[in-house]
Amino acid sequence: MSRPMQGAEPPPEPPRESSLPAAAARFEWLQVEEASGPVGQPAPEVQGAEAQEAQRCATCGWLDSVAEAECFRCGTPFPRESAALEVDAVFGPPPADGVTVELTGAATLLEQTGKNAEPQDWLLRHRSAELGLIPGFDELLALGEVNLESFHRYAHQSAVARKALRDMGAAALLADETGLGKTIEAGLVAKELLLRGLAQRVLVVVPASLLAQWKGEMRDKFLLRFRVVKVPSDLEDDPPLVLVSYATIRGKKGVGPLLREREVDLLICDEAHHLKNRGTQQYRAVARVRKKYALLLSATPFHNKLLELKNLLDILKPGLLGSTRAFNRQYVDEKDPRQPRNLHHLRGLLGEVMIRNRRGEVSVKLPPRRAAICHVQLSPGEQAFYDDLTEFVTGEVRERAGEGERGQRFATVLALINLQRALCSSPHAVAQSLARLSGSDLLPLDLGERMGHMATRAQGLERWRKAEAVEEILEQSPGKLVVFCEFLATIRELVARLKAQGISAVPYHGQLSGQEKSKALQRFKDEARVLVASRAGAEGLNIQFCSQVLNFDLPWNPMIVEQRIGRVHRLGQTQTVTVFNLAVKGTIEARVLELLTHKLRLFTAVLGEVDLILGALHSERSFEDLLREAWLKGVSDGRMDEALDRFGEELERARAAYDEIKQSERLLDRLAPSGVEKT
Amino acid sequence: MRDFLRDVLERFGAEVQDEGPVLAATIPAEGPAAALHQALGATPRFVFSTDQLEVGTQLVAAGGHVLRALDRFLAERSGYVYVERPGKERLSLKAVGVKPRKGYSLAFAERAQEPGYDVYVSYVVRYHAKERTDHLETFKVQVRPRIAIRAERLEALPRDFADWPAKARKRAPEAVMGEALAVADRAVSARAEVVGAEQGEAVREGMVKDVGRLHAYYAGQIAEYERSRRNRDLALIRIEELEDEREVRLQELQRATHVRAEVLPLQILVVEVPLYRAVLEVYAKADEGAPPLARTPLWLDRATGEAHLSGTEVRPFLQD
């Protein structure tokens with residue numbers, strides 16, 4: 008539709024009764040278009056179809072199509088009457104069946120109730136029902152229904168959720184700066200809609216690398232159990248809470264079409280800049296989803312062109328920013344597609360759907376953190392064992408690459424990878440893993456025997472250089488220390504060893520009961536110097552009173568490392584946080600640490616940035632999967648260094664892409680209306 | 077909220093203490109509060125604002141888990157109450173408030189004492205639209221057997237019934253209850269339709285701007301592709317996609333205008349009303365011994381003194 012119609016005449020005034028000829032009273036006047044000529048005279052020739060649909064802005068006099076909701080020139084809304092006609096034109100008059108009443112007859116109460124009640128109890132129940140009436144969105148029910156053990160409430164997050172629900176009808180682009188908790192804000196909105204019965208079916212679309220993190224956060228913080236859907240059978244029992252990757256939803260076969268046809272109440276798209284280009288399959292896939300509410304999450308909703316931001320908003324509120332041509336003409340600088348024009352007007356429109364908080368505006372003030380790598384050299388005995396076992400694992404991987412069924416092969420490779428990681432953790436962990444594997448049905452008998460021998464050898468190792476390194480760190484760095492380990496055997500041995508050295512240490516892992524965990528934590532707070540914790544045990548742990556973290560061994564997932572650090576580096580921490588990492592020279596773990604430190608810049612990145620960098624990897628697989636793949640390739644062709652270097656280069660590219668994207672954030676700050684109200 | 081929580085806990089044997097913003101309770105594991113003990117814990121600590129929430133406290137808020145637990149607990153013991161309203165009023169012309177015109181006399185016939193029933197039925201009505209709002213509706217159905225049955229919506233609940241004698245086993249006759257509850261159901265459905273339609277209208281009004289923009293946007297986008305000099309086939313595909321997309325968006329908006337009202341019965345209160353039933357007869361004084369000139373059934377509420385003539389036959393013979 009061509010918008011500007013300057014030059015067209017305004018619609019003529021309808022004839023007044025007094026101006027009609029006397030004989031006119033005898034006629035029955037029929038409803039005619041306003042733009043027709045005076046009654047009783049032949050209608051003048053219409054100047055063009057558009058001339059019949061004109062409306063004039065009361066503020067600036069601009070003449071525009073009746074289809075427009077507001078003035079093209081000055082933004083003044085056109086009178087509601089014309090727009091109301093538009094609603095009826097699209098929907099027709101209000102339907103007679105606009106209300107469905109689902110009545111459960113009062114007689115059912117008679118069937119349910121046993122003996123008669125006391126009047127006082129009756130009145131109490133009535134009060135209970137009165138008080139329990141769901142209020143407006145000013146009060147968020149979700150805040151009382153989260154897991155307080157792992158949920159720390161920030162005022163700006165509840166304010167964002169409230170604004171998105173109350174003022175934006177839960178159709179919003181949440182564009183907070185990284186690290187301010189957009190996931191939490193979206194979780195609050197989802198929980199609120201679910202609690203109020205406004206939503207039953209939620210679909211969350213995220214980059215593949217964030218699937219596990221989303222699932223964990225929703226479960227731990229909001230007690231929402233999402234199902235990760237990858238194949239059609241995952242949808243067979245119609246799960247209400249679904250988590251998928253962009254790759255899955257855009258798929259032409261398999262579960263993709265099923266997901267797109269599924270009607271949902273709430274659609275959440277994380278890292279929504281993946282939808283910046285409307286020509287892509289994933290944009291079209293997401294745009295096809297029928298939804299009642301939608302949240303898009305991105306700190307950098309546009310990268311190269313302002314138009315990308317508009318494309319995102321077209322999913323939320325189609326037409327808010329007009330057609331592509333109109334948007335470019337009205338809001339985009341002719342010379343630089345990233346620069347906005349008519350800033351004031353554009354900000355007003357964006358304020359209807361976009362919320363952005365900056366770190367400086369909200370009360371999330373975290374102290375700095377620093378990271379150190381402690382390079383450890385294995386003892387000759389340990390080194391010999393490491394080399395022998397690595398050779399054994401490598402040989403087995405090569406040998407079994409083509410053996411057995413796919414599932415079994417995968418399980419074998421996973422077991423071998425786990426062995427390699429246990430090897431980097433401690434002799435005790437690897438001994439336990441070997442002992443367990445030697446009795447497993449997964450491996451052939453002869454292999455089991457060899458593993459049994461290896462286990463015995465591991466148990467006989469005299470030195471444990473990593474534990475010695477911990478002692479050195481404790482000697483040099485006064486204060487409490489949290490040591491994170493991946494293996495239970497390592498935790499037990501390390502605690503025992505530290506105790507033997509006269510250092511008070513407390514174990515903390517998933518096998519402890521809730522009460523034991525509380526006691527352990529209290530002991531660490533009151534007297535013990537070291538807490539040796541596992542990943543599972545540390546979930547939801549708040550230990551702001553300690554400011555030192557040691558990654559004794561390294562998970563192959565950077566998000567888990569971030570979560571470990573997050574136990575200490577969180578609101579309430581007043582001191583600079585120090586993160587120690589042990590790197591045993593010449594091991595796979597040292598290489599992984601190098602990738603995380605130098606390529607991903609995990610320890611120096613701003614909180615939340617790692618998500619974005621991983622998102623920029625342009626891969627549908629998680630970091631852990633990619634690393635495993637690189638390792639496997641390196642093992643298979645005997646060129647481990649090359650394989651890991653290539654993976655490192657990919658990470659570097661992702662990092663560079665992210666750095667470029669970051670530039671657009673500054674532009675976004677100019678566009679975004681000021682942050683939400685503080686509570 | 078705080079008073080309510082305290083009232084419930086104390087009524088069922090829990091000890092309650094104020095600790096600043098926190099209301100601390102000790103709920104016994106045995107006795108009537110056992111179910112509360114199980115749902116809320118032995119020594120729960122309640123707060124009433126999200127700002128005061130911390131580990132170990134439970135938030136008491138509308139729609140929250142504490143109120144839901146209390147509601148479940150109370151629901152089991154408060155579905156149906158039967159009370160008898162005491163009444164002493166006697167049947168007389170004065171009590172009924174009628175006087176005959178000159179030349180006529182009035183008399184009562186077919187006197188009988190028979191209970192009537194005021195059946196109070198409360199419902200929770202949940203309106204699901206783009207937002208959800210809940211209403212608590214109470215209807216009073218006046219049942220005067222063989223005379224009248226009518227329903228009215230109450231703005232406030234009568235509180236004085238708590239002082240009247242409650243009957244632990246007594247129930248209103250099945251036929252009376254069946255009729256009363258059906259009337260209440262019809263009344264609440266009608267009310268839900270009216271409120272739902274108002275809400276639907278409000279949603280429609282709210283989306284005036286959205287619809288205008290959506291319409292203009294797709295028309296504009298499609299026009300741009302129609303004028304496009306790029307590959308014609310690609311443009312046509314894109315136009316089709318846009319038309320499909322527009323359909324999806326319109327369906328979304330249409331869906332948002334629909335209101336679903338979920339009506340759930342909450343509780344029933346039956347007040348047995350002591351009634352005199354009689355027939356008021358008019359006689360001509362001049363024609364003693366003749367049959368009555370007119371007859372109209374009436375009832376007198378012995379508790380309130382409220383009288384009701386259920387016909388107009390005797391009206392012409394009564395003073396204004």
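Line by line, the protein sequences give chains A and B.
Just remember that the numbering used here sits 7 ahead of the position in the first sequence, which is counted from 1.
Just remember that the numbering used here sits 76 ahead of the position in the second sequence, which is counted from 1.
Just so you know, even glycine gets a beta-carbon here, dropped at the ideal spot from N, CA and C.
Treat the numbers as computed from the prediction; the structure is a model and nothing was measured.
query: Measure the C-alpha to C-alpha separation of A:L633 and A:P214 and round it to an integer number of angstroms.; result: 14 Å
query: Spell out a yes or no on whether the stretch 115-127 of chain A and the stretch 154-163 of chain B are touching, meaning 3 or more CB-CB pairs, one atom from each, closer than 8 Å.; result: yes
query: Under 8 Å between C-beta atoms, does A:H382 make it to chain B?; result: no
query: I need the DSSP call for A:A50, collapsed to helix, strand or coil.; result: Residue confidence is low: A:A50 scores 36 on pLDDT, short of 50, so the model does not pin down where it sits. Its coordinate-derived value is still stated next. The answer is coil: DSSP assigns A:A50 none of H, G, I, E or B.
query: Excluding the five sequence neighbours on either side, which residues of its own chain have a C-beta within less than 7 Å of the C-beta of A:E684, listed in chain order?; result: For A:E684, the pLDDT reaches just 47, beneath the cut-off of 50, and the residue's location in the model is therefore unreliable, although a value from the coordinates is still provided. So the list reads A166, once near-sequence residues are dropped.
query: Below 8 Å, how does it come out for the stretch 282-298 of chain A and the stretch 230-238 of chain A: are there three or more Cβ pairs, yes or no?; result: no
query: Check whether chain B comes within 8 Å of A:R291, counting only Cβ atoms and requiring the distance to be less than that.; result: yes
query: Helix, strand or coil, according to DSSP, for A:N318 in the structure here?; result: helix
query: Is it the case that the Cβ atoms of B:G387 and B:A171 are separated by a distance below 8 Å?; result: no
query: Helix, strand or coil for A:T190, going by three-state DSSP, please let me know.; result: helix
query: What residue range is occupied by the uninterrupted alpha helix (DSSP H) comprising A:S445?; result: P434 to S445
query: Using CA atoms only, rank isn't needed, just tell me which of A:H281, A:L266, A:L147 and A:E406 is closest to A:T307.; result: A:H281
query: According to DSSP, is A:K222 helix, strand or coil?; result: helix
query: Check each candidate in A:K260, A:T331, A:D272 and A:L273 and name the one with the smallest Cα separation from A:N284.; result: A:T331
query: Going by alpha carbons, who is nearest to A:K189 out of A:R226, A:Q164 and A:V556?; result: A:Q164
query: So A:P347 and A:V360 are supposed to be a Cβ contact under 8 Å. How far apart are they, rounded?; result: Not confirmed; about 16 Å, so no contact.
query: Taking 6 Å as the limit between beta carbons, can you name the residues of its chain near A:V209, skipping five residues before and five after?; result: A197, L248 and L273
query: Just checking: is the beta-carbon of A:P374 within a distance shorter than 8 Å of some beta-carbon in chain B?; result: no
query: Any C-beta of chain B sitting closer than 8 Å to the C-beta of A:R585?; result: Note that residue 585 of chain A is Thr in the sequence shown here, rather than Arg. False, the Cβ-Cβ gap to chain B never drops below 8 Å.
query: Taking beta-carbon pairs under 9 Å, can you tell me which members of the stretch 227-244 of chain B lie near chain A?; result: L233, R235, F237, A238, D239, W240, A242, K243 and A244
query: Roughly how many angstroms lie between the CA atoms of B:A151 and A:G517, to the nearest whole one?; result: 39 Å
query: B:V92 versus chain A: which residues are under 8 Å apart at the beta carbon?; result: None at all; the shortest Cβ gap to chain A is about 15 Å.
query: Might you give, ordered along the chain, the residues of its own chain that have their beta carbon closer than 6 Å to the beta carbon of B:G58, omitting 5 neighbours on each side?; result: Summary: the structure shown does not reach residue 58 of chain B, with chain B confined to residues 77 through 396, and so no result is reported for it.
query: Select from B:A354, B:G132, B:P341 and B:A362 the residue whose C-alpha is nearest the C-alpha of B:R378.; result: B:A354
query: Helix, strand or coil for B:S265? Go by DSSP, reduced to three states.; result: helix
query: Should B:P120 be flagged as near chain A, meaning a C-beta pair shorter than 8 Å?; result: no
query: Using a Cβ-Cβ cutoff of 8 Å, what residues of the stretch 157-186 of chain A are near chain D? List them in chain order.; result: The displayed structure is made up of protein chains A and B, and chain D is not among them.
query: Compare the C-beta of B:Y193 against all C-beta atoms of chain A and say whether one is closer than 8 Å.; result: no
query: Under 8 Å Cβ-Cβ, which residues of chain B neighbour A:E475?; result: What A:E475 touches in chain B: nothing, since even the nearest Cβ is about 37 Å away.
query: Give me the Cα-Cα distance between B:E186 and B:V279, rounded to the nearest whole angstrom.; result: 57 Å
query: Quick one: residues in its chain with C-beta nearer than 8 Å to the C-beta of A:P565, no 5 flanking neighbours on either side, listed in chain order?; result: L603, L607, L609, V617, L621 and F630
query: Measuring CA to CA, which of B:A100, B:Q343 and B:Y359 is closest to B:E389?; result: B:Y359
query: If you count every other CB in all the chains shown that lies within 10 Å of the CB of A:R463, and 16 or more means buried, which is it?; result: It should be noted that the sequence gives Thr, not Arg, for residue 463 of chain A. Exposed.
query: Leaving out five residues before and five after A:R23 in sequence, what residues of the same chain have Cβ atoms less than 7 Å from its Cβ?; result: Because the pLDDT of A:R23 is 40, which lies under 50, any placement of that residue in the model is unreliable, and the number read from its coordinates should be weighed accordingly. Excluding residues within five positions, none has a Cβ falling inside 7 Å.
query: So who's on the other strand from A:T107, going by DSSP bridges?; result: B:R336
query: Using a 10 Å radius around the Cβ and a threshold of 16 neighbouring Cβ atoms, would you call A:L421 buried or exposed?; result: exposed
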